[in-house]
Amino acid sequence: MDAQTLLQKLLSRTGLQQHHAEALRSLEPLMAPLAPEIALAFYDYLGRDPEMHEILWGTPGRVERLYRSFAAWYREIFSGVYDAGYAARRMRIGLVHARVGVRPEHVLPAAGIVQELTLEHFRQALRGSEVFLAIESFEKIMAVEMALMEESYLQALAEGLKLTQEVREAAMVGARVLLEAKG
Ligand code: HEM
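Numbering (my numbering), first residue to last: 1 to 183.
(1) Going by other Cβ atoms of all chains shown within 10 Å of its Cβ, with 16 needed for buried, is Thr118 buried or exposed?
(2) Three-state secondary structure (DSSP) at Phe78?
(3) Tell me whether Ser69, by its Cβ, gets closer than 7 Å to a heavy atom of the ligand HEM.
(4) Rounding to the nearest angstrom, what Cα-Cα distance links Pro109 and Met31 in this structure?
(5) Alpha carbon to alpha carbon, how far is Val114 from Ala35?
(6) Does the Cβ-Cβ distance between Ala84 and Leu7 come in under 8 Å?
(7) If you run the structure through DSSP and keep just helix, strand and coil, what is Val173?
(8) Under 6 Å Cβ to Cβ from Ala71, same chain only, skipping five residues before and after it: list those, please.
(9) Let's test the definition: count the other Cβ atoms within 10 Å of the Cβ of Ala181 and tell me whether it reaches 16, buried, or not, exposed.
(10) Measure the alpha-carbon distance for Ser26 versus Leu11 and round it to whole angstroms.
(11) Assuming Asp44 is part of the alpha helix (DSSP H), what are its boundary residues?
(12) Ordered along the chain, which non-local residues of its own chain (more than five positions away) have a Cβ less than 8 Å from that of Gly58?
(13) Cα-Cα, which of Thr14, Val173 and Leu148 is closest to Arg191?
(14) Check this for me: beta carbons of Tyr82 and Val63, under 8 Å apart or not?
(15) Are the CB atoms of Ser266 and Glu130 nearer to each other than 8 Å?
(16) Where does Leu157 fall in DSSP's three states?
(17) Does at least one heavy atom of the ligand HEM sit under 7 Å from the Cβ of Trp73?
If you want it as structure tokens, here you go:
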């Protein structure tokens with residue numbers, strides 16, 4: 001399924017409507033400057049897990065690169081624009097994860113940390129009635145985010161299984177093939 005078709009299904013299934021997109025956009029001035037701080041806290045959390053620590057710090061320069069790309073990802077959540085280009089960029093992140101052996105068991109709990117860090121800032125900075133819409137909108141877009149990443153992981157796995165029967169290897173191999181095809 002292409003990114004645009006999948007995105008439309010996900011927007012419908014999460015009930016993410018225009019007023020949620022506008023709420024996220026209105027939070028951008030508050031949340032975008034916090035992206036580097038959230039990135040630091042995020043990788044601090046991931047690094048406490050030995051397996052994820054090895055994935056992140058085992059390759060020189062990787063985590064430094066990730067501070068920047070994660071912060072850019074975080075800022076884009078609050079862009080208010082969730083179109084085909086957005087969906088394709090998110091699916092690509094899922095393929096990059098699959099290529100380096102990052103699996104759903106790593107990513108889904110990590111999404112919970114992003115939510116925790118974000119909700120804490122909402123709670124501190126927003127008034128009662130604003131908090132509810134902010135949380136509702138953020139949870140919807142995070143569900144879309146995770147589904148896009150997971151679907152691209154599954155696409156990588158399906159592609160890889162044409163080449164190898166080794167499941168863990170398959171997602172990595174398939175992701176490599178799909179990323180090369182995208183150029
Ligand atoms: C909410 C969850 C996560 C988000 C939003 C996220 C975001 C990103 C982004 C934006 C990239 C860059 C993709 C690109 O180069 O095009 C990336 C790559 C990567 N991520 Fe994640 N990530 C998440 C979870 C994780 C977890 C749990 C790990 C586990 C160790 C991880 C490890 C990596 C690695 C190793 C790369 C490749 C970095 C490189 O060598 O350039 N990520 N991630």
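Note that CB positions come from ideal geometry on N, CA and C, so glycine has one too.
In this text, all values refer to a predicted model and were calculated from it rather than measured experimentally.
Walking through what the data contain:
(1) So Thr118 ends up on the buried side.
(2) Coil, per DSSP.
(3) Yes, Cβ of Ser69 sits closer than 7 Å to a heavy atom of the ligand HEM.
(4) So the alpha carbons of these two residues sit roughly 21 Å apart.
(5) Those two C-alpha atoms are separated by around 11 Å.
(6) Contact: yes.
(7) Secondary structure of Val173 (DSSP, three-state): helix.
(8) Cβ within range, chain order: Ala35, Pro36 and Ala39.
(9) Exposed.
(10) The straight-line gap from Cα to Cα measures roughly 19 Å.
(11) Asp44 -> alpha helix (DSSP H) spans Ala35 to Leu46.
(12) There are no such residues.
(13) Here the chain covers residues 1 to 183 and nothing more, so residue 191 does not appear.
(14) Pairing Tyr82 with Val63 gives a Cβ-Cβ distance that is not under 8 Å.
(15) Residue 266 lies beyond the residue range present for the chain, which begins at 1 and ends at 183; the question has no answer from this structure.
(16) The answer is helix: DSSP assigns Leu157 an H, G or I state.
(17) Checking the Cβ of Trp73 against the ligand HEM gives yes.
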